[in-house]
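**Student:** To start, I am sharing the structure in question, which I have written as structure tokens.
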Amino acid sequence: MTDLLKLSGVHTHIGRYHILQGIDLAVPLGQVTMLLGRNGAGKTTTLRTIMGLWQASSGEISLAGERIESRATPDIARLGVGYVPESMAVFSDLTVKENLVLAARDAPMDDKQLEWIFGFFPALRRFWLSRAGSLSGGQKQMLSIARAIIEPRKLLLIDEPTKGLAPAIIVALIECLKEIKRKGATILLVEQNFFAARELGDNVLVMDNGTIVHRGEMAALAADVPLQERLLGLSLEAHQ
Amino acid sequence: MTDIAATDPLPKPKRDLAPILLPIALALVTIPLIGSPSTWLTLTAASLAMGMMIFIMASGLTLVFGLMDVLNFGHGAFIAVGAYVATLVLAPFAASVQADSLWVNLAVLAPAALLSMAVSGALGLVVERVLILPVYGQHLKQILMTTGGLIVAEQTMYALWGPQIIPMPLPTSLRGSFIFGDVAIAKYRVLAMLIGLAVFIAIQLVLNRTKLGLLIRAGVENREMVEALGYRIRRLFLGVFMTGSALAGLGGVMWALYREQVHASMSDELTVLIFVVVIIGGLGSIGGCFIGAILVAMVANYGGFLVPKLALVSNILLMVAILMWRPRGLYAVTSR
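Chains as they are written, first to last, in my numbering: chain A, 32 to 271; chain B, 3 to 338.
Below is the structure:
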């Protein structure tokens, strides 16, 4: 399997803090790679470093064979990387429509793609002309994901999409991400919710203290309760 | 944790009308206090004209503040430069300025204003590249750099034009007043109101009806996410900075014509007013800036008439009152 994204020996400092301490990881093309770990392990920093929002102090990051660690965030986005931050970061002063108009960077929104998105997120159609700031947390998350997939992207970086959402919305979100996966998307997904991770992941990386401490297939980790407890401090059953 | 399902209906977004009603309420409250309707109308027209001029000067600064998070204490330099550039155009065409025809007056006034905007905008380009670019994200250094820039600009103007006040007479056709019964409204004030309103409408159209405007509004709120969507926000910053500088230049020309004089420190009295407007309007909010400018002008005019001794502090009192009511200004756009 070809790797779409590769990180080799990536270190990131934020101020005087040494957050990423030599990350090596690969995200295979067309697969969903889960990035798990406790709070403060460096998962969000890894995504932000890939996206160029924080500069890697050293190491190599390559996307489809092209080095990107020195590139500016807009250039990385234009290489086909979609980013859904943990904070969702919808533009609350703009309407749902305006948020998506901005996300469709290179051309007017594709009607078919929009209908496909509305199929999963009917709320976005209903609140098309409402200010994004007035949406509920779940609806904002839907908008944030819709913004990342309104145009075809090579790679999606998604940071804790289920955080703080009601169980019913989490289920809907998982179904949507499964459909995106079925369309062949390559996704690096940070997730604390182990149930969601098991449902979506092909591969798994577990982080601790700024390093990757485990890599393998998601199914293998899901089946190994002692390993889950050792790596994550909890078992899948705790999330059932 | 939210318990709202994705399909649940939303409450309808409420339009926040309270700030819009504020100047109307202020105007109505002062009617009985002022007593004479004609005086009240004259003061109101003066307030609206002054408010529009302050709005033009402050609108660029609020976008620069809100979008770029840049504290530009040198904004006033663009105002004075704009005014001086206009004198360079108007002086050789004094005959056209003194002509009785409105069209002849406008034929010389319009190029003067456009050239002032162009020069102020170009100066904005230099200031952004030389003074602002190295200190993005560092507020203290921004204050030092832009204040230093203002001092250098003022001293350069003193060196070029001298310390004396340069007269800048109003064109003949803009002198005098429109008389409605016993109400007199200065012609130039009407022109200032129209230009201010046109600038406000133009900015609103750009911000609300174009993708560029969407980018600016989105950038005011979360520039990091705008970059993550693939837009080079630095170029946008530069464009906004230059536009803000050009508008300050236009405001400088209008203010100089209003006062009929130009001098290098003319922006000193305005800078405080402009910052008050930007702060009470809400950083980055053009609508807030528009209402804030009218409020500041109303307080200055009504206050100056009713309680002259309060005139010096009236705008600070207004700012305190507004911030106690809405700590992030009339319309909060950024989280700063």
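Here a beta-carbon is modelled for each residue, glycine too, at the ideal position from N, C-alpha and C.
Fair warning: this is a prediction, and the values are worked out from it, not measured in the lab.
With a floor of 4 residues, list each alpha helix (DSSP H) that falls wholly inside the segment 88–153 of chain A, ordered by position along the chain.
**Tutor:** Whole alpha helix (DSSP H) segments, 4+ residues: 104–109, 127–134, 142–151.
**Student:** Just the C-alpha distance for residue 53 of chain A and residue 66 of chain B, rounded to the nearest angstrom, thanks.
**Tutor:** By one-based count along the first sequence, residue 53 of chain A stands at place 22. By one-based count along the second sequence, residue 66 of chain B stands at place 64. The alpha-carbon atoms of residue 53 of chain A and residue 66 of chain B are separated by roughly 39 Å.
**Student:** What residues from chain A crowd round residue 2 of chain B, counting only those whose CB sits closer than 7 Å?
**Tutor:** Outside the modelled stretch of chain B, which goes from 3 to 338, sits residue 2 of chain B, for which no answer is possible.
**Student:** Across which residues does DSSP place residue 246 of chain A in a beta bridge pair?
**Tutor:** Taking the first sequence and counting its residues from 1, one reaches residue 246 of chain A at position 215. Paired residues: A/236.
**Student:** Give the straight-line distance between the Cα atoms of residue 228 of chain B and residue 75 of chain A, rounded to the nearest whole angstrom.
**Tutor:** Counting from 1 along the second sequence, the entry for residue 228 of chain B is found at position 226. Counting from 1 along the first sequence, the entry for residue 75 of chain A is found at position 44. If I take the Cα positions, the gap works out to 18 Å.
**Student:** I'd like to check one pair, residue 78 of chain A with residue 221 of chain A: are the Cβ atoms closer than 9 Å?
**Tutor:** In the first sequence, the residue the question calls residue 221 of chain A occupies position 190. In the first sequence, the residue the question calls residue 78 of chain A occupies position 47. In this structure, residue 78 of chain A lies closer than 9 Å to residue 221 of chain A by Cβ.
**Student:** Find the residues of chain B that neighbour residue 116 of chain A, judging by a C-beta separation of less than 9 Å, and give them in chain order.
**Tutor:** Indexing the first sequence from 1 puts residue 116 of chain A at position 85. Near residue 116 of chain A (Cβ distances below 9 Å), the residues of chain B are 226, 227, 230.
**Student:** CB-CB under 6 Å to residue 112 of chain A, same chain, minus the five flanking residues each way: which ones, in chain order?
**Tutor:** Walking along the first sequence from the start, residue 112 of chain A turns up at place 81. Around residue 112 of chain A: 186.
**Student:** What are the boundary residues of the beta strand (DSSP E) that includes residue 141 of chain B?
**Tutor:** Indexing the second sequence from 1 puts residue 141 of chain B at position 139. Counting along the chain, residue 141 of chain B falls outside any beta strand (DSSP E), though it belongs to the alpha helix (DSSP H) covering 141–163.
**Student:** Looking at residue 28 of chain B: is its Cβ nearer than 9 Å to the Cβ of residue 300 of chain B?
**Tutor:** The count along the second sequence starts at 1 and reaches residue 28 of chain B at position 26. The count along the second sequence starts at 1 and reaches residue 300 of chain B at position 298. Yes, Cβ-Cβ distance for residue 28 of chain B and residue 300 of chain B is below 9 Å.
**Student:** Round the Cβ separation of residue 239 of chain B and residue 152 of chain B to the nearest angstrom and send it over; I've been treating them as touching at under 8 Å.
**Tutor:** Translated into positions along the second sequence, residue 239 of chain B becomes position 237. Translated into positions along the second sequence, residue 152 of chain B becomes position 150. At roughly 20 Å, the Cβ-Cβ gap does not stay under 8 Å, so residue 239 of chain B and residue 152 of chain B are not in contact.
**Student:** Is it a yes or a no for the segment 258–278 of chain B touching the segment 159–173 of chain B, going by three-plus beta-carbon pairs under 8 Å?
**Tutor:** In short, these stretches touch, since the Cβ pair count reaches three.
**Student:** At 7 Å on the CB atoms, spell out the chain B contacts of residue 87 of chain A, in chain order.
**Tutor:** As a position in the first sequence, residue 87 of chain A is number 56, starting the count at 1. What residue 87 of chain A touches in chain B: nothing, since even the nearest Cβ is about 16 Å away.
**Student:** Along chain A, which residues have their Cβ under 8 Å away from the Cβ of residue 213 of chain B?
**Tutor:** Looking up residue 213 of chain B in the second sequence gives position 211. Near residue 213 of chain B (Cβ distances below 8 Å), the residues of chain A are 132, 133.
**Student:** Consult DSSP for residue 173 of chain B and reduce its assignment to one of helix, strand or coil.
**Tutor:** In the second sequence, the residue the question calls residue 173 of chain B occupies position 171. Of the three classes helix, strand and coil, the one that applies to residue 173 of chain B here is coil, per DSSP.
**Student:** Taking Cβ positions, are residue 154 of chain A and residue 145 of chain A nearer each other than 9 Å?
**Tutor:** The count along the first sequence starts at 1 and reaches residue 154 of chain A at position 123. The count along the first sequence starts at 1 and reaches residue 145 of chain A at position 114. Against a cut-off of 9 Å, the Cβ pair of residue 145 of chain A and residue 154 of chain A comes out as no contact.
**Student:** Whole angstroms is fine: what's the gap from residue 33 of chain B's alpha carbon to residue 306 of chain B's?
**Tutor:** Taking the second sequence and counting its residues from 1, the one referred to as residue 33 of chain B is at position 31. Taking the second sequence and counting its residues from 1, the one referred to as residue 306 of chain B is at position 304. For residue 33 of chain B and residue 306 of chain B, the distance between alpha carbons rounds to 15 Å.
**Student:** Can a CB atom of chain B be found closer than 9 Å to the CB of residue 246 of chain A?
**Tutor:** Mapped onto the first sequence, residue 246 of chain A falls at position 215. False, the Cβ-Cβ gap to chain B never drops below 9 Å.
**Student:** Beta carbon of residue 311 of chain B: closer than 8 Å to some heavy atom of the ligand ADP?
**Tutor:** The ligand content of the structure shown is nil, which means the ligand ADP is not present either.
**Student:** Are the segment 188–207 of chain B and the segment 135–155 of chain B touching by the rule of at least three beta carbon pairs closer than 8 Å?
**Tutor:** The segment 188–207 of chain B is not in contact with the segment 135–155 of chain B.
**Student:** Evaluate contact between the segment 91–98 of chain B and the segment 215–232 of chain B, counting only Cβ atoms and requiring at least three cross-stretch pairs below 8 Å.
**Tutor:** Segments in contact, no.
**Student:** Below 8 Å, can you find three or more Cβ-Cβ pairs linking the segment 127–138 of chain A to the segment 193–205 of chain A?
**Tutor:** They do not touch, by the three-pair rule.
**Student:** Taking residue 95 of chain A as the reference, which of A/135, A/85, A/36 has the closest Cα?
**Tutor:** Working through the first sequence from its first residue, we reach residue 95 of chain A at position 64. The candidate whose alpha carbon is nearest that of residue 95 of chain A is A/36.
**Student:** Quick one: Cα of residue 20 of chain B to Cα of residue 293 of chain B, how far?
**Tutor:** If you number the second sequence from 1, residue 20 of chain B lands on position 18. If you number the second sequence from 1, residue 293 of chain B lands on position 291. One C-alpha to the other measures close to 11 Å.
**Student:** Report the partner residues of residue 58 of chain A according to the DSSP bridge assignment.
**Tutor:** By one-based count along the first sequence, residue 58 of chain A stands at place 27. In DSSP, residue 58 of chain A forms a bridge with A/36.
**Student:** Beta carbon of residue 274 of chain B, beta carbon of residue 320 of chain B: below 9 Å?
**Tutor:** As a first step, residue 274 of chain B must be located in the second sequence, where it is residue number 272. As a first step, residue 320 of chain B must be located in the second sequence, where it is residue number 318. No, these two residues do not count as a Cβ contact at 9 Å.
**Student:** What is the residue span of the beta strand (DSSP E) that residue 190 of chain A lies within?
**Tutor:** Looking up residue 190 of chain A in the first sequence gives position 159. Unbroken beta strand (DSSP E) run through residue 190 of chain A: 186–190.
**Student:** Near residue 239 of chain A, which residues of its chain fall below 7 Å by C-beta distance, leaving aside the five closest residues on each side in sequence?
**Tutor:** Here residue 239 of chain A refers to the residue found at position 208 of the first sequence. So the list reads 68, 69, 72, once near-sequence residues are dropped.
**Student:** Residue 223 of chain B versus chain A: which residues are under 7 Å apart at the beta carbon?
**Tutor:** Your numbering for residue 223 of chain B matches position 221 in the second sequence. Neighbours of residue 223 of chain B on chain A, chain order: 122, 123, 124.
**Student:** Taking 9 Å as the CB-CB limit, is residue 335 of chain B close to chain A?
**Tutor:** Taking the second sequence and counting its residues from 1, the one referred to as residue 335 of chain B is at position 333. Output row for residue 335 of chain B: interface = yes.
**Student:** Name the chain B residues that come within less than 9 Å of residue 102 of chain A, Cβ to Cβ?
**Tutor:** Residue mapping note: residue 102 of chain A aligns to position 71 of the first sequence, counting from 1. Those within 9 Å of residue 102 of chain A in chain B number zero; the least Cβ separation is about 12 Å.
**Student:** Within 9 Å (strictly less), CB to CB, does residue 140 of chain A reach chain B?
**Tutor:** To locate residue 140 of chain A, count along the first sequence from 1; it is residue 109. No - not a single Cβ of chain B is within 9 Å of the one on residue 140 of chain A.
**Student:** With burial defined as no fewer than 16 other Cβ atoms inside 10 Å of the residue's Cβ, what is the status of residue 326 of chain B: buried or exposed?
**Tutor:** On the second sequence, residue 326 of chain B is found 324 positions in, with the first residue counted as 1. By the neighbour-count rule (16 or more Cβ atoms within 10 Å), residue 326 of chain B is not buried but exposed.
**Student:** Please report how far the alpha carbon of residue 304 of chain B lies from the alpha carbon of residue 193 of chain B, in whole angstroms.
**Tutor:** Your numbering for residue 304 of chain B matches position 302 in the second sequence. Your numbering for residue 193 of chain B matches position 191 in the second sequence. So the two alpha carbons sit approximately 21 Å from each other.
**Student:** Contact criterion: CB-CB distance below 9 Å. Does residue 12 of chain B meet it with respect to chain A?
**Tutor:** Residue numbering aside, residue 12 of chain B sits at position 10 when the second sequence is read from its first letter. Confidence at residue 12 of chain B is low in this model, with a pLDDT of 49, below 50, so its placement is unreliable and the value that follows should be read with caution. Answer yes: the Cβ-Cβ gap between residue 12 of chain B and chain A drops below 9 Å somewhere.
**Student:** Within 9 Å of any Cβ in chain A, is that where the Cβ of residue 235 of chain B sits?
**Tutor:** Here residue 235 of chain B corresponds to residue number 233 of the second sequence, with the count starting at 1. Cβ-Cβ to chain A under 9 Å: yes for residue 235 of chain B.
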